[in-house]
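Take any residue in the sequence shown, note its place counting from 1, add 4, and you have its number in the working numbering.
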Amino acid sequence: MPDPRRRQITGFSNPTVKYLRSLREKKHRKAAGKFLAEGLRLLTDARECGRLPEVLVMADNRDAHPLLAVLERAVLDSGGEVIETSPDILSKITGKNNPQAVAGVFAEFDTSLSALARDRSDIWLVAQALRDPGNLGTMLRTGDAVGAGGLILIDDCADPFSVEAVRASMGAVFTQQIAQATWQDFLTWLRGGDGQLVAASLRDAVPYRGAPYAAPCFILVGNESQGLPEDYETACDLRVTMPMRGRADSLNAAVAGSVLAYEVLASLEG
């Protein structure tokens, strides 16, 4: 007897295709509380982090792979659904001309500050008004690389569950805790426990090498073009400056966060 949780879709006008495609748009993601992720490696990372897609979509001409077989069985065992479709329809769903052979629909995570465990790590990344999903994904990857607890998004940031941000995170969206908050709510939460707030700045700053970092350290970066508002900088416990030897007067926001994160890591481990 056919498994009702496994089905084939052959038509572009199928309602499920329209629903899956709609998840590329923020308003539909928020309404459904779901997001798309694509690629066997990324979905395997999610499974290894204890997160399984509710719907697994696979190209019908895919090559056999043991990790895909494990993923498919895990989805079915958890009560999820498996859909097979053509590469053309999968391309329509993901918005890529050359889509991966597999994609998944995940429930969005709890992104409230109250869901964070600040003692999870000695390093946290914080981004204010970060608008580029690629930069957001890069910061998630940096957080994963340095063993950070997660990424806290302040004010109006790019959507961490957009297809672009999830893709750029290279799976780190599943390893890092993510929170979203206003600046005032974040400050109230931060000052309710231990935590040093650090930002790159030119205001009363000390060199970033050898600065007195303390755990847990919350590394704050600002908007790509505007940087941090002055009152946000002055609220920091420590402001550091990085040398700029060439003509550029600043680093990319995500790159600056990465450089600072590794310096904090070296300081705290030393």
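Cβ atoms here follow ideal geometry from the backbone N, Cα and C, with glycine treated the same way.
Query	Result
Enclosing beta strand (DSSP E) for E42 [first to last residue]	K38 to E42
Proximity to D148 [Cα-Cα], best of R11, V167 and D126	D126
At least three beta-carbon pairs within less than 8 Å, the segment 137-151 to the segment 68-80	no
In chain order, each alpha helix (DSSP H) run of at least 4 residues that lies wholly inside the segment 154-232	167-173 and 187-194
Sequence-distant residues of the same chain with beta carbon closer than 6 Å to D318, five excluded per side	Outside the displayed span of the chain (5 to 274) sits residue 318, for which this structure offers no information.
Same chain, Cβ closer than 7 Å to M5, neighbours up to 5 away in sequence not counted	In this prediction, M5 has a pLDDT of 48, which is less than 50 and means its spatial position is unreliable; what the coordinates show is noted afterwards. Result list for M5: empty, nothing under 7 Å.
Helix, strand or coil at T115 according to DSSP, with G and I counted as helix	coil
Rounded C-alpha distance that separates D49 from G108	12 Å
With 16 other Cβ atoms within 10 Å as the buried cut-off, status of T14	exposed
Straight-line gap, A218 to E267 (C-alpha atoms, nearest Å)	12 Å
8 Å Cβ shell around E2 - same chain, five flanking residues per side excluded	The shown model of the chain, from 5 to 274, leaves out residue 2, and the question about it has no answer.
Selection from L269, G226, C221 and F178 that minimises the alpha carbon distance to G54	F178
L255 (DSSP reduced to helix, strand or coil)	coil
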